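Be aware that the sequence shown starts at 1, since it is given in this note's numbering, and climbs by one per residue. Virtual Cβ for every residue (Gly too), placed ideally from N, Cα, C. Since the model is a prediction, treat every value here as computed from it, not as a measurement.
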Amino acid sequence: MTTYSASGDRTTVGYISGKNGQYEVFYRPHSGDLYFQNSARTIATRFRKQSDRHYMGPDGSAYYNDQSVIAAIQNRYRSGQYD
Numbered sequence: 001m002t003t004y005s006a007s008g009d010r011t012t013v014g015y016i017s018g019k020n021g022q023y024e025v026f027y028r029p030h031s032g033d034l035y036f037q038n039s040a041r042t043i044a045t046r047f048r049k050q051s052d053r054h055y056m057g058p059d060g061s062a063y064y065n066d067q068s069v070i071a072a073i074q075n076r077y078r079s080g081q082y083d
């Protein structure tokens, strides 16, 4: 699903649960970097969409679908790595 915002197009990967509700996880096609948007700001996840449709984690782990990368980002959020 591609959405358009003031900062350019972005593709939504899914949503994580945060302190203030659901946060959209997305990437911008030109960079591939994944972010999530909370109520105050956009936060870099340090995950990246690869050209072969896979995702790469900050530790070099590969994720092969949207659900697995969303789960990994959710786990990192819950453990306090995105303060």
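- Nearest Cα to THR42 within the set TYR27, ARG48, ARG78: TYR27.
- Note on geometry: alpha-carbon atoms of GLY57 and ASP9 lie some 22 Å from one another.
- When SER39, GLN67, GLY18 are compared, the shortest CA-CA separation from GLN81 is found for GLY18.
- A direct Cα-to-Cα measurement between GLU24 and SER39 gives close to 10 Å.
- In summary, TYR77 is buried, with 16 or more beta-carbon neighbours lying within 10 Å of its beta-carbon over all protein chains present.
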